[in-house]
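Below is one structure, written out as structure tokens, with a few remarks after it.
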Amino acid sequence: SIIHHIQQLNMKLWFLIYLSFLAVFPGKAKLLPRRSSWAPRDPLAFVPESRSRSFPAATLCSRRASPLPRIRRPSNVRGTALNMCQLLGMNCANPTDFHFSFLGFSRRGGDTDKHSDGWGLAFFDGCGVRAFHDSDSAVDSHVAEMIRQYPVKTLNMISHIRYATIGDKQLCNVHPFQREMWGINWVFAHNGDMPKFSSEREFSWLCQSDGDKVYHPIGETDSEAIFCSMLNALRVKFKKLPSLPILHQYIQQLCSKIVENEENPIFNFLLMAGERTHFAYSWPGARPGSSVWNGLYYVIREPPFKQASLKDLDYAVDFADLNTEHDRVAVIATAPLTTDETWIEFKQGQLLLFDQGLPHASPSDCEKVEKEGHGLSTKCRNMLPISSCGA
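Here's what the structure looks like:
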């Protein structure tokens, strides 16, 4: 057609103009190649302008982060069995924003590390949950960038960056997972490898529970299957709302049952049950042939607050400028996020309840939290709390 010939002539004309420009100015004009997906990103690319101005250059760590190559895989290709996902959690005495921790953590989602098969984040707003999920990597996701730009305050938060080994790269397989039970929002994210809960097998009841299986996985991950199994067991066990000491004790039993008879089990999870209650469990390990250690660490930020520098980004914050004497924050992660704080590794098989930014390791410790009025809370009248004297 005439239009097609005109378009071809225009293309030839522009190409001749470009060649003429090269002849007159040799070496000055270059065709700019499209940016390779393997090219490392600027380590400071994620620092929002409005936030970076708040912290002078003197507070920034002088060490330059060393980004790894960007790694992309087709959506139907699973990752190598040597790597796993990563977890991030936060529990606070007062509403606190998670901007600093998520800024460093999200860089591991395809920039400084390989966890590029999706990401998710959920935090409580009162008794409700705001949840964000994306099958894109955390470094490329526009939703993740929005969260990095606009700090939001909460008492309880969980985030997860995925490295797909079980289940395809699909939104239904992205953590955290969420269900309602007893009129409470439960949110769960997992790191590990539990073959007995794979999608090819019908997962059995835990702790010899019996009854209707109300909760079923939607996606293909062993993580969601574990979450549903735990909720089904809790629902059958308790007809009334349990106290925190009883709940801690029974969740510990469920965890022991899950890792039982597993060869080289790796089982780490974060579990929120309402606005304040945050459980974290770790059975750490590494897959055969891998040097990647999968466990959980936590740090408590409390008065006197100090400066902290991110491990994955040249970015530091003096928390003394941002917090008061009444603030306290517990941050939990698969691997430490900062270079100048003391991170405590979970013991094997340890279940911690975090409340007001403090860890509680035993049912007796949880009793103190219950007496402070921070136990499970529901508006369901038929789920009145039971005594902490028995299960």
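Under our numbering, the first residue of the sequence shown carries the number 179, and numbering increases by one thereafter. The C-beta atom is built at its ideal place from N, Cα and C for all residues, glycine as well. Computed from a predicted structure; not experimentally measured.
The alpha-carbon of V317 is positioned some 43 Å away from that of G389. Within the same chain, Cβ atoms closer than 7 Å to the Cβ of S279 are found at L266, M268, V509 and L515, the five residues on either side in sequence being excluded.
A contact is defined here as three or more CB-CB pairs under 8 Å, and the segment 473-482 meets this definition with respect to the segment 493-505. Runs of alpha helix (DSSP H) with 4 or more residues, each lying fully within the segment 312-359, are found at 320-327, listed in chain order. Fewer than three Cβ pairs drawn from the segment 317-329 and the segment 366-374 lie within less than 8 Å of each other, which leaves the two stretches out of contact. In the assembly as shown, A498 is an exposed residue. Its beta-carbon has fewer than 16 other beta-carbons within 10 Å.
One thing to note: I336 has its Cβ no nearer than 8 Å to the Cβ of M262.
For A486, the enclosing beta strand (DSSP E) covers residues Q485 to S487. Under the three-state reduction of DSSP, M262 is assigned to coil, being neither helix nor strand. If the five residues before and after D303 are omitted, its C-beta is found closer than 8 Å to the C-beta atoms of T332, all from its own chain and listed in chain order. Counting only the Cα atoms, N363 lies some 17 Å from I396. According to the DSSP assignment, F405 belongs to the alpha helix (DSSP H) that extends over D400 to K415.
In the DSSP assignment, L432 falls within the alpha helix (DSSP H) that extends over L422 to V437. Looking at K391, F405 and E358, the one whose alpha-carbon comes closest to that of M372 is F405. Using a 10 angstroms sphere on the CB of D496, the tally of other CB atoms stays under 16, which defines it as exposed.
Counting every other CB atom within 10 Å of its CB across the protein chains shown gives E548 a total of 16 or more, marking it as buried. Straight-line measurement puts the Cα of Q264 at about 26 Å from the Cα of M359. For Q526, same chain residues with a beta-carbon under 8 Å away, outside a window of 5 residues either side, are S460, W461 and P462 in chain order. Following the DSSP letters along the chain, one finds L281 in no beta strand (DSSP E) but inside the alpha helix (DSSP H) bounded by residues H277 to R285. With a cut-off of 8 Å on Cβ pairs, the segment 520-534 is not in contact with the segment 285-293, counting fewer than three such pairs.
In this structure, the straight-line span from the alpha carbon of Y328 to that of P423 is close to 37 Å. Following the DSSP letters along the chain, one finds P541 in no beta strand (DSSP E) but inside the alpha helix (DSSP H) bounded by residues P541 to K549. Rounded to whole angstroms, the separation of the alpha carbons of F416 and N446 is 24 Å.
A451: member of the beta strand (DSSP E) spanning I444 to A451, first to last residue. When H338, V307, C305 and S315 are compared, the shortest CA-CA separation from L448 is found for H338.
Per DSSP, the continuous beta strand (DSSP E) segment holding W364 begins and ends at I362 to D371. Closest option to Y476, judged by alpha-carbon separation, among L529, I436, Q430 and P443: L529.
Under the three-state reduction of DSSP output, K292 falls in the strand class. Contact check for L474 against L432 fails: the beta carbons are separated by 8 Å or more. Taking the Cα positions, I444 is about 31 Å away from G306. For N560, the three-state secondary structure derived from DSSP is helix.
Distances from the alpha-carbon of Q427 to those of D275, L491, H552 and A539 put A539 closest. Annotated three-state conformation of D492 is coil, per DSSP. The residue among D490, K546 and H394 with its C-alpha nearest the C-alpha of L281 is D490.
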